[in-house]
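Notes follow once the structure below has been shown.
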Amino acid sequence: KHSGVVKIVEVGARDGLQNEKGVVPTNTKIELIERLSSAGLIHIEAGSFVSPSWVPQMADTPEIMKHLRSNPPAAPTGVTYSYLTPNMKGLTNFIHYSSNTGVSASEHASEIAIFGSASEGFSQRNINCSIAESLERYRPVVQKALENGIRVRGYVSMIIECPYDGPTSPVKVAEVVEGLLDLGCYEVSLGDTNGVGTPGTIGTLVNYLIKDRGIPAEKLAAHFHDTYGQAIVNCLVALEAGIRTFDSSVAGLGGCPYSKGATGNVATEDLVYFLKGTGVKTNVDLDKIVEIGDWISKKLGRKNESKVGTALMAH
Ligand code: HMG
Ligand code: MG
9 KHSGVVKIVE VGARDGLQNE KGVVPTNTKI ELIERLSSAG LIHIEAGSFV SPSWVPQMAD
69 TPEIMKHLRS NPPAAPTGVT YSYLTPNMKG LTNFIHYSSN TGVSASEHAS EIAIFGSASE
129 GFSQRNINCS IAESLERYRP VVQKALENGI RVRGYVSMII ECPYDGPTSP VKVAEVVEGL
189 LDLGCYEVSL GDTNGVGTPG TIGTLVNYLI KDRGIPAEKL AAHFHDTYGQ AIVNCLVALE
249 AGIRTFDSSV AGLGGCPYSK GATGNVATED LVYFLKGTGV KTNVDLDKIV EIGDWISKKL
309 GRKNESKVGT ALMAH
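Here the sequence shown is numbered in UniProt numbering, starting from 9 and rising by one per residue.
Dropping the structure here:
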């Protein structure tokens, strides 16, 4: 049995919708985000300030941000929206659109996320530079964000295996995690981008990071895609290693446009159900998440990828 409270970062509106083939109307995205917060999810990725020629699905992020900042949720309180920024231009846009609503970015609970890779091949394809170049590119971004009171989360992708480069060495993952923490990220999320990890490989990696490299478990998050159906069991392995932050997406939406065949994240419904079963608190209303998962799947005309959601909807 585990105890305590677990932090869930809902990434469906970003990691999920960045991969939809069709255009998802901005209003649908906003409704999704507002419904998710009303179900008790207080850490929500709301979009990306990335190049619209690279990821056109996220081009309406400025409108979403403007709406969310002028309509903060009444309840729950303390909701944080986060936005991916791949470079200084992304941060400049983030600050520009957040100050357009009359509240400065630092006064409002919003934060940015920078994203690196543990494999060179994916780094080149996703952000068009090497791993070393990405860390140098992020250095002034994090510095400026912190000067403006904006918290920065980090991501490292392809922690187990890369479709371009093959298996990833845990040493490489550790170097990128440490690099991102050194830059000033408060937490680094471990991305099994293509969901190939198993309890064996994930267990070896997280124990290496925490025990051998001495990286505090509270500075790590688990970001597991469910491509091979391993995400929940991998979350258990991460939980047992001491990790208390988990990324998930409602209805298992998602994938990455630069990682062929990758499917969605672990479904939020499945994660919440699983965590409840282990005895940890999530402060999330499972029934509401299940309804949202059903609604967004129908809206997008796709199968609900959450097993728990599908089971509970049949009741
Ligand atoms: P580049 O082509 O090398 O950039 O792309 P550039 O600086 O040469 O700029 C090219 C054009 O993009 C210019 O416009 C720039 O102004 C514009 P043009 O002059 O041609 O009209 N541009 C921008 N526009 C808006 N916002 C910006 C921005 N930057 C440049 N921030 C770049 C480099 C990093 C920009 C590009 O590769 C990019 O945007 N990549 C993002 C890819 C992405 O979003 N991937 C998905 C998220 S990562 C993920 O899903 C994994 C994760 O979930 C964890 C996991 O599962 O592992 C996080
Ligand atoms: Mg992802």
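Ideal Cβ placement from N, Cα and C applies to all residues, glycine included.
Close-in-space but distant-in-sequence residues of the same chain around residue i (CB under 7 Å, 5 per side omitted)
{"i": "residue 367", "result": "Not covered by the structure: residue 367. The range shown for the chain is 9 to 323."}
{"i": "Gly48", "result": "Pro84, Asn291, Val292 and Asp293"}
{"i": "Cys170", "result": "Ser127, Gly129, Phe130 and Thr176"}
{"i": "Ile297", "result": "Ala47, Val258, Thr276, Glu277 and Val280"}
{"i": "Met96", "result": "Pro148 and Val149"}
{"i": "Ser56", "result": "Arg22, Gln26, Val63, Met66, Thr69, Tyr91 and Leu92"}
Neighbourhood of residue i by C-beta distance below 6 Å, restricted to the same chain and skipping five residues each side
{"i": "Val17", "result": "His51 and Asp255"}
{"i": "Val87", "result": "Ser45, Ile50 and Pro81"}
{"i": "Gly203", "result": "His233, Asp234, Thr235 and Tyr236"}
{"i": "Gly209", "result": "Looking at the sequence shown, residue 209 is not Gly but Thr. Ile168, listed in sequence order."}
Residue i beta carbon near the ligand MG (any heavy atom closer than 7 Å)
{"i": "Asn273", "result": "yes"}
{"i": "Gly20", "result": "no"}
{"i": "Gly162", "result": "no"}
{"i": "Gly205", "result": "no"}
{"i": "Thr318", "result": "no"}
{"i": "Thr176", "result": "no"}
When the options are compared against residue i, the one with the closest alpha-carbon
{"i": "Arg22", "options": "Gly48, Thr93 and Pro84", "result": "Thr93"}
{"i": "Thr286", "options": "Ala246, Thr271, Gln65 and Ala259", "result": "Ala246"}
{"i": "Ser138", "options": "Arg147, Val150, Pro148 and Gly124", "result": "Gly124"}
{"i": "Phe282", "options": "Leu244, Gly260 and Ser257", "result": "Leu244"}
{"i": "Ser314", "options": "Trp303, Leu228, His323 and Thr276", "result": "Thr276"}
{"i": "Asp68", "options": "Gln26, Gly205 and Arg147", "result": "Gln26"}
{"i": "Lys15", "options": "His231, Asn242 and Gly301", "result": "His231"}
{"i": "Gly272", "options": "Glu248, Ile300, Ala239 and Gly250", "result": "Ala239"}
{"i": "Glu226", "options": "Ser59, Gly301 and Tyr194", "result": "Tyr194"}
{"i": "Leu189", "options": "Tyr146, Lys268 and Tyr91", "result": "Tyr146"}
{"i": "Ile122", "options": "Met73, Tyr163, Gly24 and His104", "result": "Tyr163"}
{"i": "Val31", "options": "Gly309, Phe102 and His10", "result": "Gly309"}
Contact set for residue i: own chain, Cβ-Cβ below 8 Å, skip 5 residues either direction
{"i": "Met212", "result": "Note on residue identity: the sequence assigns Thr, not Met, to residue 212. Answer for Thr212: Pro178, listed in chain order."}
{"i": "Gly12", "result": "Arg252, Val288 and Lys289"}
{"i": "residue 6", "result": "Because the chain here runs from 9 to 323, residue 6 falls outside it and cannot be looked at."}
Any non-hydrogen atom of the ligand HMG within 7 Å of residue i CB
{"i": "Val179", "result": "no"}
{"i": "Gln26", "result": "yes"}
{"i": "Pro94", "result": "yes"}
{"i": "Phe254", "result": "no"}
{"i": "Trp62", "result": "yes"}
Range of the contiguous beta strand (DSSP E) that encloses residue i
{"i": "Val17", "result": "Lys15 to Glu18"}
{"i": "His51", "result": "His51 to Ser56"}
{"i": "Ile122", "result": "Ser118 to Ser125"}
{"i": "His75", "result": "Looking at the DSSP string, His75 is not in any beta strand (DSSP E); the run it does join, the alpha helix (DSSP H), is Thr69 to Ser78."}
{"i": "Tyr194", "result": "No beta strand (DSSP E) contains Tyr194, which DSSP labels as neither H nor E."}
{"i": "Thr88", "result": "Thr88 to Leu92"}
Extent of the continuous alpha helix (DSSP H) to which residue i belongs
{"i": "Ile158", "result": "No alpha helix (DSSP H) holds Ile158; DSSP gives it neither H nor E."}
{"i": "Asp295", "result": "Leu294 to Leu308"}
{"i": "Asp278", "result": "Thr276 to Thr286"}
{"i": "Leu247", "result": "Ala239 to Glu248"}
The ligand FMN heavy atom lying under 7 Å from the CB of residue i
{"i": "His233", "result": "For the ligand FMN, the structure offers nothing, since it holds only the ligand HMG and the ligand MG."}
The region 211-230 touching the region 182-190, judged by at least three CB pairs closer than 8 Å: Flag = yes, the region 211-230 and the region 182-190 touch.
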